[in-house]
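**Q**
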Amino acid sequence: MTASAPSPSPTPLSPAETQALDQALAHWQAEPGGLLPALHVLQDELGFIPPATLPALAQAFGLSRAEVHGVITYYHHFRQTPPAHHCLGLCQAEACQARGARALTQQAQDLLQCTLGHTRSDHHWQLEAVSCLGLCASGPALMLDGTLHAQVDAQRLQALLAAVPTPPMESSS
Amino acid sequence: MDTTPHTPLTPPRDFGTPASPSSQSVTLAIDGFSVTVPAGTSLMRAAVLAGTQIPKLCATDSLEPFGSCRLCLVEIEGRRGFPASCTTPAESGMVVRTQSERLTQLRRGVMELYLSDHPLDCLTCASNGDCELQDMAGQVGLRHMRYGFEGRNHLQQPRDDSNPYFSYDPSKCIVCNRCVRACEEIQGTFALTISGRGFDSRVSPGADQPFMDSDCVSCGACVQACPTATLVEKTVQDKGQPEHQILTTCAYCGVGCTFLAEMKGTDVVRMTPWKEGKANEGHACIKGRFAWGYATHPDRMLKPMIRARITDPWQEVSWDQAIGHAAREFKRLQAKHGVDAVGGISSSRCTNEETYLVQKLVRAAFGNNNVDTCARVCHSPTGYGLGQTYGTSAGTQTFKSVEQADVIMVIGANPTDAHPVFGSRLKKRLRQGARLIVVDPRRIDLAQGPHVRADYHLQLRPGTNVALINAMAHVLVTENLINQPFIDQRCEPDAFNIWREFAARPENSPESVAEVTGVPAEQIRAATRLYATGGNAAIYYGLGVTEHAQGSTMVIGIANLAMATGNIGREGVGVNPLRGQNNVQGSCDMGSFPHEYPGYRHVSDEATRIQFEQDWGVVLRPDPGLRIPNMFDAALSGEFLGLYCQGEDMVQSDPNTQHVVAALSAMECVVVQDIFLNETAKYAHVFLPGSSFLEKDGTFTNAERRISRVRQVMPPRAGMADWEITQAFSNALGYPMHYTHPSQIMDEIARLTPTFSRVSYALLDREGTVQWPCDAQHPTGTPLMHVNQFVRGKGRFMLTRYVPTDEKITRRFPLLLTTGRILSQYNVGAQTRRTQNVVFHPQDTLEIHPHDAEERGIHEGDWVGVASRAGETVLRAHLSERMQPGVVYTTFHFPESGANVITTDNSDWATNCPEYKVTAVQVARVLHVSQWQANYQRFNKHQLQLLKGQLVNEALQSQEATHHSASEPS
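Residue numbers (my numbering), protein chains in the order written: chain A, 4 to 176; chain B, 1288 to 2257.
#1: Give, in chain order, every unbroken run of the alpha helix (DSSP H) that is at least 4 residues long and sits entirely within the stretch 9-58 of chain A.
#2: So which residues on chain B does T76 (chain A) lean against when the C-beta distance must stay under 7 Å?
#3: Between which two residues does the beta strand (DSSP E) holding N1464 (chain B) run?
#4: Assuming contact is defined by CB atoms lying nearer than 8 Å, are R1395 (chain B) and L1429 (chain B) in contact in what I supplied?
#5: Using only alpha-carbon positions, find the residue among B:L1547, B:I1826, B:V1462 and B:F1773 that is nearest to F1486 (chain B).
#6: Report the residue from B:E1955, B:V1762 and B:M1918 whose alpha carbon sits nearest the alpha carbon of P1881 (chain B).
#7: P54 (chain A) CB to nearest chain B CB: under 8 Å?
#8: Could you have a look at L1928 (chain B) and say whether DSSP puts it in helix, strand or coil?
#9: Can you list, in chain order, the residues of its chain with a C-beta nearer than 6 Å to that of D1892 (chain B)? Leave out the 5 residues immediately preceding and following it.
#10: Can you find a C-beta in chain A that's less than 8 Å from the C-beta of R1740 (chain B)?
#11: I'd like the ranges of any beta strand (DSSP E) spanning at least 3 consecutive residues and lying wholly in the stretch 2082-2111 of chain B.
#12: Ordered along the chain, which non-local residues of its own chain (more than five positions away) have a Cβ less than 6 Å from that of P1737 (chain B)?
#13: The beta strand (DSSP E) with L1747 (chain B) in it runs from where to where?
#14: Quick one: measure Cβ to Cβ for N1847 (chain B) and T2087 (chain B), integer angstroms, because I've assumed they're closer than 8 Å.
#15: If we call anything under 8 Å between Cβ atoms a contact, is D1693 (chain B) one with G1859 (chain B)?
#16: Within 8 Å (strictly less), CB to CB, does G2158 (chain B) reach chain A?
#17: Check this for me: beta carbons of V2175 (chain B) and L2133 (chain B), under 8 Å apart or not?
#18: Go ahead and pull the three-state DSSP assignment for K1687 (chain B).
#19: Starting from the beta carbon of G1493 (chain B), find every residue of chain A whose beta carbon is closer than 9 Å, and list them in chain order.
#20: When the distance is taken between beta carbons, is W1561 (chain B) closer than 8 Å to G1569 (chain B)?
#21: Taking the straight line between their C-alpha atoms, what separation do you get for G1977 (chain B) and V1645 (chain B)?
#22: Give a yes or no on whether the minimum CB-CB distance between A61 (chain A) and chain B is below 8 Å.
#23: Examine chain A for any beta-carbon lying closer than 8 Å to the beta-carbon of L1479 (chain B), and answer yes or no.
#24: Quick one: what does DSSP say Q1933 (chain B) is sitting in, helix, strand or coil?
#25: What separation, rounded to the nearest whole angstrom, lies between the Cα atoms of G2158 (chain B) and V2188 (chain B)?
#26: Would a check of beta-carbon distances place T2249 (chain B) closer than 8 Å to chain A?
#27: Whole angstroms is fine: what's the gap from H2028 (chain B)'s alpha carbon to T1660 (chain B)'s?
#28: Would you report the Cα separation of S2194 (chain B) and V1658 (chain B), rounded to the nearest angstrom?
#29: Does the ligand SAH have even one heavy atom less than 7 Å from the beta-carbon of W2010 (chain B)?
#30: Let me check one thing: in DSSP terms, what residues is M1592 (chain B) bridge-paired to?
#31: Using the Cα positions of Q2309 (chain B) and V1938 (chain B), report the straight-line distance between them to the nearest angstrom.
#32: So which residues of chain A does S1635 (chain B) contact, with C-beta pairs closer than 7 Å?
#33: Can you tell me which of the three DSSP states P1707 (chain B) falls into?
#34: Name, going along the chain, the residues of the stretch 1699-1713 of chain B whose beta-carbon falls closer than 9 Å to a beta-carbon of chain A.
#35: What's the gap between the Cα of G1750 (chain B) and the Cα of A1990 (chain B)?
#36: Name, please, each residue of chain A whose Cβ falls closer than 7 Å to the Cβ of S1501 (chain B).
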């Protein structure tokens, strides 16, 4: 759109989002290539990168909105929507598949009532396909809320998931 | 007569990668043929130079090589693998094979993958016949598809038709990145990216938004770069591929882009910027590329019309009747009120030949010098200021010169909106590392944007330009930043010494002017140091410099600055006015001013006058005629009663609308020649339907002094080109003109104008374009001015005392209004408002700082009254931090906005150029339109009814009321 056309009023950021943005920019705005670490700060603080932060990020780093969007969507790590409370990442690479990852994935989907690549509607679980966790010698491997686990079989998976507290009833309403 | 009318459609040769600038050469063998190319040339380009070509999809010579499509692989003897020829530079002794069995297999494999995710609807596709994917599939000879079409694909992705001029169909996209790179490298907007990765990779406007919601400025570079039908013009979708092409010149801004009009019969299918065009080098903007539909808009006036009074209905008559009537009226007025009772106004949108003819008509047939032009209201101070200091009334450089600038200072200009193609070239240089100083009350896009940030934005108060430039001069002379050897060699020493003493005065110090300009002293000092010491420093300026009470003073101040630092006379430096209209340079060159013959020679100069008298066979007047504002004043005092106005809309574009309207209403015969019934035509007695740039031959001269050919692509829709109408008018007045083609008019111009002496259509056809002076010493023109000496001999420093404008803020009018343009609209909007460009800018708004808005209880989108001592109008408010508090801004593209109802008749001391850029106003929330606007709406409705032959009976009855509302609104 042309420069002087009235622009749609930007979605206001929440106080937490504003604070995270300020923190990210305070640390990284002056650094060459500071966009990536700033995105990490945002995601670490908020769990995702709110799309409403795009214009401020673009302006701070002298980039266009499109460029920031390109970076965010290039890396699967970056999310544009709030994450679920818990995240299970299951390795789908060749080595883990050879060691039973497919069956393990099926079991995880059944246990959590959630399809791979999706977030459960109560937002309690999300199930992610991961290409490699660097544990090829001891697959199948998974990552539960940021912690790696190797040589996971059906029993261990059940135990790991059972150790995660179930959501209080009101959270699904 | 014309040597290049229709040529068969041949796509320009694509070398695949840009030319290498190296002066060293390397010799290599490609497919057994020896070829010598500049070092750094890609193998792909070398192959084209050797006479062959290598298959490619992601490469094109307007973009840097990317190496993603994997179709251009080659074999190099002694090297393993298959390097991409676009990213591999040629080396001496290389032996390259572009074809082999293995390469064929690889290319077919790649093509097979592309086509497995591409619809096979070639025969009904908009790009059928103009598709590189189709061409490459043919070249690599793919015959079998092993993968089928059942796998995951993008074929169901929905098309984005949000842009009015082109569509984006992701199902046809091969993700070659050419569009993204064109947006970045050529246009510099960065509106596009690739979102996702791997199979999910898609071209994404903004954050996966529709094009119209992204930052896209609709320049069309992406459409031109697209090798498939993914991005394609809607006109091509509607009409099919063009069948012939004609080279011509854009009729919008002063950049003067060269275009190929791609035609089907007399129908334009699309306008494509010409790669070899020196002003634009293959780039275009939304106006030039897309906004030409006005030529066939239903509002086009196609019949001559007359009426006795402006309250009478229009009567369609023959050309002979209309022109005969106008001639009789002019003779009657001159007989009754004297020779000086009539005059003419030439247009900066018409050709050089047409403008020349209007001034000839006035001087030879009217017998006076009452000719003026719309340049009066834009760049007349440029003509005066640069003429006085350097000796020539024009910019000093080519646009290409910006590629060698190290420091760029942009003063009172907004190139990315008003001169977009030059703006893109400037931004490209900034991305390569040039430093930038912006002097503007408003935060224009150049001041801060993707990959562009001004080192200094001197955000001064409107009306304080001269104070600021004097402070910069002060820093130069007091901090020892003067280029003394340049001054000693090139400038008048006495004038310099006087100027140095003036500049050093304490009242010119940055500290002294900080308060009045609103710019901190340290910023002025730092910016001046950068300008003086940063290497090649170039100044580009616009109407923010000229349209002031001290417009000429500021131009002189700029000229002083460039001389003092030696930034004149070589590539990468200079003083460059960005001229507003397509031919405003030309209309000035052609003698449109009342005091000057073509080539800026004063009418009192006897030698010149005798030359014209002999050639034209008439006695000419030695005294200057009336300027536009004088014509209005004389009309109101009953001495000026007949006006021939070619292609200018004074009612909308001149300041103090109510004064203009009163003057026109006082005239007895206003003849308007235009393609639309513009606002001025509503006060006319004779209407002569003009022709658009597509309908005639001629030349335009752009801001670089570049003379370019305009070529007729369709016959004049109303039957006559504008030069033919002027000629007929002259003949009817009894002064004979017998040109049969505009080239004969150019021959006459060349004969009578030293700086044009070698210009001819034959030369232009051969050279493409030439920059004046074009004479015996410069037979193919002069790209760079003042190289070894100034045109006037020694450069002249002149004093530039700051005199505050009379237009001051008061308690009653506490804000300053400044005016400008927007990208999608052009000037009074007569053309662009009759195109889809209105989607981008449907109305003028008042930009106001949130602080000023809050004080007045104004919210986004509110109706606000804007009142000055001249008048009042009502606009919608747009809250914007581009403005500084205390300053408001609007555009004047829509007549109903009445921006010039508010502007005053203050003007430049030297040239009468109006002070559009400074008006003291008050702004307040209102509920309805202003009294002026109510009157305008009523008058306009009535005039349109008179046009349609309605109200024939009521006309007389309402005459009184209409006249009242038109001329004397409260």
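Note that beta-carbon positions come from the ideal geometry of N, C-alpha and C, so glycine has one too.
Nothing here was measured: the structure is a model prediction, and the numbers come from that model.
**A** Here's the rundown:
#1: Complete alpha helix (DSSP H) runs here, min 4: 18-31 and 38-49.
#2: The answer, in chain order, is S1482 and G1483.
#3: Annotation: N1464 (chain B) is outside any beta strand (DSSP E) and is labelled neither H nor E by DSSP.
#4: Between R1395 (chain B) and L1429 (chain B), the CB-CB gap stays under 8 Å.
#5: If we check each option's Cα against that of F1486 (chain B), B:V1462 comes out closest.
#6: Distances from the CA of P1881 (chain B) to each of B:E1955, B:V1762 and B:M1918 were compared; the closest alpha carbon is that of B:M1918.
#7: For P54 (chain A), at least one C-beta of chain B is nearer than 8 Å to its own C-beta.
#8: L1928 (chain B): coil per DSSP, three-state reduction.
#9: Within the same chain, D1892 (chain B) has no close Cβ partners at all.
#10: At least one C-beta of chain A is nearer than 8 Å to the C-beta of R1740 (chain B).
#11: For the stretch 2082-2111 of chain B, whole beta strand (DSSP E) runs of length 3 or above, ordered along the chain, are 2102-2107.
#12: Hits under 6 Å: F1477.
#13: Per DSSP, L1747 (chain B) belongs to no beta strand (DSSP E) and is neither H nor E.
#14: Contact holds; Cβ gap of about 7 Å.
#15: Note that the C-beta distance between D1693 (chain B) and G1859 (chain B) is below 8 Å.
#16: No - not a single Cβ of chain A is within 8 Å of the one on G2158 (chain B).
#17: Contact: yes.
#18: Here K1687 (chain B) carries a helix assignment [DSSP, helix/strand/coil].
#19: Ordered by position in chain A, the residues that pass the 9 Å Cβ test against G1493 (chain B) are L57, S67, R68, A69 and H72.
#20: A Cβ-Cβ contact shorter than 8 Å links G1569 (chain B) with W1561 (chain B).
#21: So the alpha carbons of these two residues sit roughly 14 Å apart.
#22: Yes - at least one Cβ of chain B is within 8 Å of the one on A61 (chain A).
#23: Nearest CB-CB separation between L1479 (chain B) and chain A: below the 8 Å threshold.
#24: It is a strand residue.
#25: Going from the Cα of G2158 (chain B) to the Cα of V2188 (chain B) covers about 5 Å.
#26: Note that T2249 (chain B) scores 46 on pLDDT, short of 50, meaning its location in the model is unreliable; the coordinates nonetheless yield the value given after this. By this cut-off, T2249 (chain B) is not an interface position.
#27: Rounded to the nearest whole angstrom, the CA to CA distance from H2028 (chain B) to T1660 (chain B) is 24 Å.
#28: Distance between the alpha carbons of S2194 (chain B) and V1658 (chain B): 19 Å.
#29: What this structure holds is no ligand at all, so the ligand SAH is not there to describe.
#30: Looking at the DSSP assignment, M1592 (chain B) forms a beta bridge with B:E1603 and B:F1974.
#31: With chain B represented from 1288 up to 2257, any question about residue 2309 (chain B) goes unanswered, as that position is not in the structure.
#32: For S1635 (chain B), none of the residues of chain A pass the 7 Å Cβ criterion, the least Cβ distance being about 23 Å.
#33: Helix.
#34: The stretch 1699-1713 of chain B vs chain A, Cβ under 9 Å: N1701, T1703 and D1704.
#35: The C-alpha of G1750 (chain B) lies about 25 Å from the C-alpha of A1990 (chain B).
#36: Residues of chain A passing the Cβ test: A69.
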